[in-house]
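The next block holds one structure in the form of structure tokens; read it before the comments.
There are 2 protein chains.
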Amino acid sequence: MAEKKVEAITSMDEDFAQWYTDVVKKAELADYSGVKGCMIIRPYGYAIWENIQKDLDARFKALGHENVYMPMFIPESLLQKEKDHVEGFAPECAWVTIGGENELTERLCVRPTSETLFCDHFKNVIHSYRDLPKLYNQWVNVVRWEKTTRPFLRTSEFLWQEGHTMHATEEEARKETQQMLKVYEDFYLETMAIPAVTGRKTEKEKFAGAMETYTIEPMMHNGVALQGGTSHYFGDGFAKAFDITFTDKDNTVKYPHQTSWGVSTRMIGALIMTHGDDNGLILPPKVAPIQVALIPVQQHKEGVLDKAYEVASRLRAAGIRVKVDDSDNSPGWKFSEYEMKGVPVRLELGPRDIENNSCVLVSRVTRNKVFASLDNIEQGVEEMLQSVYTELVERVRTNLASKTHTATTYEEFLDTAANKPGFIKAMWCGDSACEDKLKDATGGVKSRCIPFGEEHLSDVCVCCGRPAKHMVVWGRQY
Amino acid sequence: MAEKKVEAITSMDEDFAQWYTDVVKKAELADYSGVKGCMIIRPYGYAIWENIQKDLDARFKALGHENVYMPMFIPESLLQKEKDHVEGFAPECAWVTIGGENELTERLCVRPTSETLFCDHFKNVIHSYRDLPKLYNQWVNVVRWEKTTRPFLRTSEFLWQEGHTMHATEEEARKETQQMLKVYEDFYLETMAIPAVTGRKTEKEKFAGAMETYTIEPMMHNGVALQGGTSHYFGDGFAKAFDITFTDKDNTVKYPHQTSWGVSTRMIGALIMTHGDDNGLILPPKVAPIQVALIPVQQHKEGVLDKAYEVASRLRAAGIRVKVDDSDNSPGWKFSEYEMKGVPVRLELGPRDIENNSCVLVSRVTRNKVFASLDNIEQGVEEMLQSVYTELVERVRTNLASKTHTATTYEEFLDTAANKPGFIKAMWCGDSACEDKLKDATGGVKSRCIPFGEEHLSDVCVCCGRPAKHMVVWGRQY
Numbered sequence: 001m002a003e004k005k006v007e008a009i010t011s012m013d014e015d016f017a018q019w020y021t022d023v024v025k026k027a028e029l030a031d032y033s034g035v036k037g038c039m040i041i042r043p044y045g046y047a048i049w050e051n052i053q054k055d056l057d058a059r060f061k062a063l064g065h066e067n068v069y070m071p072m073f074i075p076e077s078l079l080q081k082e083k084d085h086v087e088g089f090a091p092e093c094a095w096v097t098i099g100g101e102n103e104l105t106e107r108l109c110v111r112p113t114s115e116t117l118f119c120d121h122f123k124n125v126i127h128s129y130r131d132l133p134k135l136y137n138q139w140v141n142v143v144r145w146e147k148t149t150r151p152f153l154r155t156s157e158f159l160w161q162e163g164h165t166m167h168a169t170e171e172e173a174r175k176e177t178q179q180m181l182k183v184y185e186d187f188y189l190e191t192m193a194i195p196a197v198t199g200r201k202t203e204k205e206k207f208a209g210a211m212e213t214y215t216i217e218p219m220m221h222n223g224v225a226l227q228g229g230t231s232h233y234f235g236d237g238f239a240k241a242f243d244i245t246f247t248d249k250d251n252t253v254k255y256p257h258q259t260s261w262g263v264s265t266r267m268i269g270a271l272i273m274t275h276g277d278d279n280g281l282i283l284p285p286k287v288a289p290i291q292v293a294l295i296p297v298q299q300h301k302e303g304v305l306d307k308a309y310e311v312a313s314r315l316r317a318a319g320i321r322v323k324v325d326d327s328d329n330s331p332g333w334k335f336s337e338y339e340m341k342g343v344p345v346r347l348e349l350g351p352r353d354i355e356n357n358s359c360v361l362v363s364r365v366t367r368n369k370v371f372a373s374l375d376n377i378e379q380g381v382e383e384m385l386q387s388v389y390t391e392l393v394e395r396v397r398t399n400l401a402s403k404t405h406t407a408t409t410y411e412e413f414l415d416t417a418a419n420k421p422g423f424i425k426a427m428w429c430g431d432s433a434c435e436d437k438l439k440d441a442t443g444g445v446k447s448r449c450i451p452f453g454e455e456h457l458s459d460v461c462v463c464c465g466r467p468a469k470h471m472v473v474w475g476r477q478y
Numbered sequence: 479m480a481e482k483k484v485e486a487i488t489s490m491d492e493d494f495a496q497w498y499t500d501v502v503k504k505a506e507l508a509d510y511s512g513v514k515g516c517m518i519i520r521p522y523g524y525a526i527w528e529n530i531q532k533d534l535d536a537r538f539k540a541l542g543h544e545n546v547y548m549p550m551f552i553p554e555s556l557l558q559k560e561k562d563h564v565e566g567f568a569p570e571c572a573w574v575t576i577g578g579e580n581e582l583t584e585r586l587c588v589r590p591t592s593e594t595l596f597c598d599h600f601k602n603v604i605h606s607y608r609d610l611p612k613l614y615n616q617w618v619n620v621v622r623w624e625k626t627t628r629p630f631l632r633t634s635e636f637l638w639q640e641g642h643t644m645h646a647t648e649e650e651a652r653k654e655t656q657q658m659l660k661v662y663e664d665f666y667l668e669t670m671a672i673p674a675v676t677g678r679k680t681e682k683e684k685f686a687g688a689m690e691t692y693t694i695e696p697m698m699h700n701g702v703a704l705q706g707g708t709s710h711y712f713g714d715g716f717a718k719a720f721d722i723t724f725t726d727k728d729n730t731v732k733y734p735h736q737t738s739w740g741v742s743t744r745m746i747g748a749l750i751m752t753h754g755d756d757n758g759l760i761l762p763p764k765v766a767p768i769q770v771a772l773i774p775v776q777q778h779k780e781g782v783l784d785k786a787y788e789v790a791s792r793l794r795a796a797g798i799r800v801k802v803d804d805s806d807n808s809p810g811w812k813f814s815e816y817e818m819k820g821v822p823v824r825l826e827l828g829p830r831d832i833e834n835n836s837c838v839l840v841s842r843v844t845r846n847k848v849f850a851s852l853d854n855i856e857q858g859v860e861e862m863l864q865s866v867y868t869e870l871v872e873r874v875r876t877n878l879a880s881k882t883h884t885a886t887t888y889e890e891f892l893d894t895a896a897n898k899p900g901f902i903k904a905m906w907c908g909d910s911a912c913e914d915k916l917k918d919a920t921g922g923v924k925s926r927c928i929p930f931g932e933e934h935l936s937d938v939c940v941c942c943g944r945p946a947k948h949m950v951v952w953g954r955q956y
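Chains as they are written, first to last, in my numbering: chain A, 1 to 478; chain B, 479 to 956.
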């Protein structure tokens, strides 16, 4: 039978959207399903998600959060309890109207998010200050009916975690909201190798029902933003709507203060579009299902495969995820295949290498080759994994810096939006009418956030010329 | 503020059903939700599920299985592709008929199980013998619309894993089916401390669309069975219905052979009803979120809490899950609380213990107290955890043996069913009419399975007197 071919993919510069679709398909991350807008996450894509989950879950638990599971159905009356919230989500709901062959007396929304369900439960389990804080999280599937969808980036069903917490005081809840955004920021940098802009959403871009929304906004390779994760402070709005109260130490009855925060399988989209290149995916070592692709060269020769298995088992013992590809495909095919799959390090091992007690290590980012001694191969591989991480972070920083522009006049803003992909830093008066105007005038540039550590670029709003209140980072988004 | 009370629960012997409900509630495992038939899994219950998941997932992966994620919606036309399957599940489906404010052109079933979705995907990814076997699994929520529900045992929504595999030959697929039942059997015994009956389902009790269904049937403390997990061999029925083919080594086009297998959050119900007692839950050490409850005695005295934290951190370093309860509740309250929660070992540590360089260890099963030296407390605790496991297994074996009866005549069968709770071993002719007759005559005793290693009790069917083909284990079920 003929060897499978690793087909070339569309070049990023030629057609970024097609390049993305090609990578998703050729790296075997996801597939389309027969259900409109819903994707199949294939083993390689799901293994990335498992690594993400494991890392984040440990971060949540280290801060005292506990996992729970709420039902996936929300009765319509429950969804309607908080007015802003239902207005935000009702248009995107999928509704179950028939159960067990009978028309339901009340239709059920498939959860788009679970604030209402958590509140309905909090009402039963929060009575005293001793019951606070409640620090809950769940890893679940959610549904938001989308008209146009793309794998990982926007799908009608997706996987995510949603944290929901209740606190005795506003101060504590606000601190939690910011702390969890910081957890996301650390995770993006340390695990996903993605330094990113963080800040506060404007009134217009806030989550439905929230008083404050904080966001992390990684920039993709092409300069487009992806809302990478959000953390919301709700005040006591839901608590009042759901009648959740507690008796405080001073014996008075109070409403608790609430937060929620979430990240989703979109992050896999962020990984692809931030790090990938024309040869396919590039995965940061911490999320890579395979960290080292060990390719035996002239594997039919005596001793090659034995040595390959021995090296692999030494690396595994050192906690490194290795795959030995001993299939009958050619080394060249294998090189392309694991480049496509974004494996951070390739280890080539042939008869001459074995003779020299060494092997070849190749970085997926720079494609630089180095010879490494087999004596301390664990260390050699660890160092290259570390350098892959460092190189990825540097590349993202460079891309972010080179594609972040400043505009102080309306004309400059429009000109930048039209000609330079990326983010625009510009002052803003605080009026959402200016956000609308800029979006319409540019064909889609929206406020990403008011960044932490905002700069003072000028005294007036880039749009209307009235006094500026904030610096905003603007950009197009997925 | 007055100390919370640990209220007594209903006695098992008085009202087993009420006892179960009390344990679920008082041990804070689950709560009812506002959605009919759907439960909230609370942190303590979910932590048990996480331990179950982690253990099973490692067993699956060690055998080469990969996790994936399929959509949760099944278009009606897809569900209808395999006739027996749709007949089995259609009456239990929840249907989404509206998405994003529009009536859908085709209604979507919320997955009750995912054979159809996996087959729809297998069709796209299986072409050659090189693509086989496909060994997939997913951890997801599923929905089966139930009229009467009980937490963990029978809920409209539940969590489970469903393995779906495709193989080149019937032999390999049949081997997989039995191998995965063996994985469940080992897991029940080694991790859940539940030795159980295993075997093959009769034609009448098979899974919808399966050629063979294998089952594990643990007996609850009261003698009632719980279908604890099933593994199905499908032959090539689905493959034909979904037109899944592959080119084999001999260059001929063939249909692959399929299996599926699953266990669910029901297993938490099995843990409760198998091991619990009148003081609450009893958890086998491997699934217990807290393995040791460390209760400081006279904790206000100098050095007591410091020593408690020191001992706890030594135990944690040895990989033991410890909780120090340093709250201002009384030791007596704490003793009851952790007994209710089924924590396998209690460690009491007071000033006199510290003086003697020792502590008291109490087994949740036997409630025996032993003094243990603090010098090698890790070993002392490990030994008691091991003895808790051994004692649980022994108790279950004894219960199973004492509540398994034999009947060789119809009268004996009815008499046993009416007067002795538990299983009945009896011969059967192979005709489902006899299963129906026995079920009706006894008010619910059904065939659990044809056990592996069936005995020969007599030559004739216990129901009709015709020649017997098999020995069947019969029993009532949850």
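Cβ atoms here follow ideal geometry from the backbone N, Cα and C, with glycine treated the same way.
Check: Measuring CB to CB, does A:Val-365 end up less than 8 angstroms from A:Leu-347?
Finding: No. Outside cutoff.
Next item on the list: Identify the continuous alpha helix (DSSP H) that holds B:His-563 and give its terminal residues.
Entry: Here the alpha helix (DSSP H) through B:His-563 covers 561-567.
Notebook entry, point to check: Beta-carbon of A:Glu-3 versus every beta-carbon of chain B: anything under 8 angstroms?
Noted result: At A:Glu-3 the pLDDT is 48, less than 50, meaning the model places this residue with poor confidence and gives no usable figure here.
Next item on the list: Taking B:Cys-516 as the query, report the chain A residues whose CB atoms sit under 7 angstroms from its CB, ordered along the chain.
Entry: Pro-71 and Phe-73
Note to self: Short of 8 angstroms in beta carbon distance, which residues of its chain neighbour B:Glu-511, apart from the five on each side in sequence? Order them along the chain.
What the structure shows: The residue asked about is misnamed: residue 511 of chain B is Ser in this sequence, not Glu. Met-517 and Ile-518, listed in sequence order.
Next item on the list: May I ask which residues mark the beginning and end of the beta strand (DSSP E) holding A:Leu-29?
Entry: First-last for A:Leu-29: undefined, no H or E at that position.
Notebook entry, point to check: Which bits of chain B does A:Ser-33 rub up against, with CB to CB less than 8 angstroms?
Noted result: Correct list: Met-548, Pro-549, Leu-595, Asp-598 and His-599.
Note to self: With H, G and I counted as helix, E and B as strand and the rest as coil, what does DSSP make of A:Met-39?
What the structure shows: Looking at A:Met-39 - three-state DSSP - the assignment turns out to be strand.
Next item on the list: Quick one: which unbroken beta strand (DSSP E) runs of 3-plus residues sit fully inside the region 60-136 of chain A? Chain order, please.
Entry: 73-75, 94-99 and 102-110
Next item on the list: Spatial neighbours of B:Thr-449 within its chain, please: CB distance less than 6 angstroms, with the 5 preceding and 5 following residues excluded, ordered by chain position.
Entry: Missing from the structure shown is residue 449 of chain B; chain B here goes from 479 to 956 and no further.
Next item on the list: Can you tell me which of the three DSSP states A:Val-304 falls into?
Entry: helix
Note to self: For B:Arg-824, report the span of its beta strand (DSSP E) as first-last.
What the structure shows: 823-827 is the extent of the beta strand (DSSP E) around B:Arg-824.
Next item on the list: Name the two residues that bound the continuous beta strand (DSSP E) containing A:Val-472.
Entry: 470-475
Check: When DSSP labels each residue in this structure, what does A:His-514 get in the three-state scheme?
Finding: Shown here, chain A extends from 1 to 478; a query on residue 514 of chain A therefore has no answer.
Margin query: Given this structure, state the Cα-to-Cα distance separating A:Leu-514 from A:Asn-399, to the nearest angstrom.
Written below: Residue 514 of chain A lies beyond the range of chain A shown here (1 to 478); nothing can be said about it.
Item checked: Proximal residues of chain B, C-beta to C-beta of A:Tyr-46 below 7 angstroms -> Neighbours of A:Tyr-46 on chain B, chain order: Asn-545, Val-546 and Tyr-547.
Next item on the list: Report all residues from its chain with a CB closer than 7 angstroms to the CB of B:Thr-752; omit the five preceding and five following residues, and keep chain order.
Entry: Ile-672, Pro-696, Met-698, His-699 and Val-874
Margin query: Considering Cα atoms alone, identify which of A:Leu-283, A:Tyr-46 and A:Gly-88 is closest to A:Lys-204.
Written below: Here the closest residue by C-alpha is A:Gly-88.
Check: So is A:Glu-378 in contact with chain B if we call contact Cβ pairs under 8 angstroms?
Finding: no
Margin query: Quick check on the DSSP output: the alpha helix (DSSP H) that includes B:Gly-713 runs from which residue to which?
Written below: That residue, B:Gly-713, is in no alpha helix (DSSP H); its beta strand (DSSP E) goes 707-713.
Item checked: Contact belief for A:Thr-198 with A:Phe-452 at Cβ below 8 angstroms, rounded distance in angstroms -> 6 angstroms
Notebook entry, point to check: In its own chain, which residues sit with a C-beta less than 7 angstroms from the C-beta of B:Arg-622, not counting the 5 before and 5 after it?
Noted result: Glu-570, Pro-590 and Ser-634
Notebook entry, point to check: Which first and last residues belong to the alpha helix (DSSP H) in which B:Gln-864 is found?
Noted result: 855-880
Margin query: Tell me the DSSP secondary structure of B:Tyr-662 in three-state form.
Written below: helix
Next item on the list: Report yes or no: do the region 723-737 of chain B and the region 776-794 of chain B share at least 3 C-beta pairs separated by less than 8 angstroms?
Entry: no
Check: What are the residues of the region 364-376 of chain A that lie near chain B, defined by any Cβ-Cβ distance shorter than 7 angstroms?
Finding: none
Margin query: Give me, in chain order, the residues of the same chain whose beta-carbon lies closer than 6 angstroms to that of B:Trp-739; leave out the 5 immediate sequence neighbours on both sides.
Written below: Gly-641, Met-658 and Ser-709
Notebook entry, point to check: In terms of alpha-carbon separation, which member of B:Thr-868, B:Leu-793 and B:Glu-815 lies closest to B:Gln-857?
Noted result: B:Leu-793
Item checked: Any beta strand (DSSP E) of 3 or more consecutive residues that is wholly inside the region 616-693 of chain B -> 635-645 and 675-678
Notebook entry, point to check: Under the criterion of a Cβ to heavy atom distance below 7 angstroms, does A:His-300 qualify as lining the ligand GTP?
Noted result: With respect to the ligand GTP, the structure offers nothing, as it holds no ligand at all.
Notebook entry, point to check: Where A:Met-12 and A:Leu-438 are concerned, what is the direct C-alpha to C-alpha distance, given to the nearest angstrom?
Noted result: Those two C-alpha atoms are separated by around 28 angstroms.
Margin query: I'd like to confirm the pairing. Which residues does DSSP put opposite A:Thr-247 in its beta bridges?
Written below: A:Ser-128 and A:Val-253
Margin query: With a threshold of 8 angstroms, are at least 3 pairs of Cβ atoms found where one atom belongs to the region 607-624 of chain B and the other to the region 544-551 of chain B?
Written below: yes
Notebook entry, point to check: Do you know how far the Cα of B:Glu-560 is from the Cα of B:Met-551?
Noted result: The identity of residue 551 of chain B in the sequence shown is Phe, whereas the question assumes Met. Approximately 17 angstroms between the Cα atoms of the pair.
Margin query: Any C-beta of chain B within less than 8 angstroms: which residues of the region 316-337 of chain A qualify?
Written below: none
Notebook entry, point to check: Going by beta carbon distance, what residues of the same chain come within less than 6 angstroms of A:Val-362, once the five residues before and after it are set aside?
Noted result: Arg-346 and Lys-369
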